[in-house]
Amino acid sequence: MSIRLISFQRGFKLAPSFILTGIFLVFWSEVAKGYFDAIDRTILLAFRSPGNSDILIGPDWLLQVVRTISFLGDSTFLLLVIFAVSFLLIANKAYYNALLLAALSLSGFWAVSLLKDFFGRPRPSIVEYFSDPSSASFPSGHAANSTIVYVLIALALFTVVSGRYGRFSLICCALILAALIGTSRIVLGVHWPSDVLGGWIFGLSWCCLWLVSDARSELWAVSYHSNPR
Numbered sequence: 000m001s002i003r004l005i006s007f008q009r010g011f012k013l014a015p016s017f018i019l020t021g022i023f024l025v026f027w028s029e030v031a032k033g034y035f036d037a038i039d040r041t042i043l044l045a046f047r048s049p050g051n052s053d054i055l056i057g058p059d060w061l062l063q064v065v066r067t068i069s070f071l072g073d074s075t076f077l078l079l080v081i082f083a084v085s086f087l088l089i090a091n092k093a094y095y096n097a098l099l100l101a102a103l104s105l106s107g108f109w110a111v112s113l114l115k116d117f118f119g120r121p122r123p124s125i126v127e128y129f130s131d132p133s134s135a136s137f138p139s140g141h142a143a144n145s146t147i148v149y150v151l152i153a154l155a156l157f158t159v160v161s162g163r164y165g166r167f168s169l170i171c172c173a174l175i176l177a178a179l180i181g182t183s184r185i186v187l188g189v190h191w192p193s194d195v196l197g198g199w200i201f202g203l204s205w206c207c208l209w210l211v212s213d214a215r216s217e218l219w220a221v222s223y224h225s226n227p228r
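Quick note: the sequence shown uses numbering that gives the first Met the number 0, first residue 0, plus one each step.
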């Protein structure tokens, strides 16, 4: 396989990330215009008592369950997960996947933080918070970062888990977990639903950068065999 062909493949594999990034930017432009204000408010209040928006609907134990789910998307916890999975990959001699997981995850955290500062959307003010937010609202950091980390982990573990069923299960579990974490932020009242949806979209766009890694690793291999030491 020629280096030129592999370079073309790398460019082609960037397409999903570019497309999702474009969708993310268009989505933000609609959010900024207020097109989602009504549905944001409706969904956010749907989790609160009709008579008092400061009270969460459901049994008393629900709040603790939601907080626990939300914690799974906390940046500190995600860093520990990245470290643990990277160690597992290194133990299985999947050095490239371990490096890529750490690099894409950490750079994704940084990108999400920059986007929050750039957009500067205020947090919801119509309900009481059941958590303590410390940054701007759009995109949801928990939704974006959990999508990035858990989906990338699923992809990285393809070297450890064999078979289509096992790999499909990994991806499904990662997406379900990210969905639960993002939804928990709405239930806690710290994010508008559009913040969470924006976080999911951006997180998936960042995960698509993994697709470039296959062609990239092949390019290194071709370069090495073309110029052996």
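Using N, Cα and C, we set each Cβ at its ideal position, and we do this for glycine too.
None of these values were measured; they are calculated from a predicted model.
In the structure shown, R47 falls within a strand segment according to DSSP collapsed to helix, strand and coil. Sequence-distant Cβ neighbours of I185 in its own chain, meaning closer than 8 angstroms and more than five residues away, are I42, L43, F46, W191, P192 and V195. For D53, the three-state secondary structure derived from DSSP is strand. Of all alpha-carbon atoms in L156, G119, L151 and A155, the one lying nearest the alpha-carbon of P138 is that of G119.
H190 carries a coil assignment under DSSP once its states are collapsed to helix, strand and coil. For D116, the uninterrupted alpha helix (DSSP H) segment begins and ends at Y94 to F118.
Secondary structure at L196: helix, using DSSP grouped into helix, strand and coil.
Secondary structure of F35 (DSSP, three-state): coil. Residue burial is scored here from C-beta neighbours: N144 has at least 16 other C-beta atoms within 10 angstroms and is therefore classed as buried. Non-local C-beta neighbours of E127 in its own chain, meaning closer than 7 angstroms and more than five positions away in sequence, comprise D53 and G188, ordered along the chain.
Taking the Cα positions, L210 is about 20 angstroms away from A177.
Within the same chain, Cβ atoms closer than 6 angstroms to the Cβ of F35 are found at S193, the five residues on either side in sequence being excluded. For L154, the closest C-alpha among the options P123, V84, L71 and F17 is that of V84.
Going by beta carbons, I180 and S69 fall inside the 9 angstroms limit. V159 and V148 have their alpha carbons spaced roughly 17 angstroms apart.
The way I'd put it, the stretch 196-209 does touch the stretch 16-34; three or more beta-carbon pairs between them come closer than 8 angstroms. Note that the C-beta distance between D39 and P123 is below 9 angstroms.
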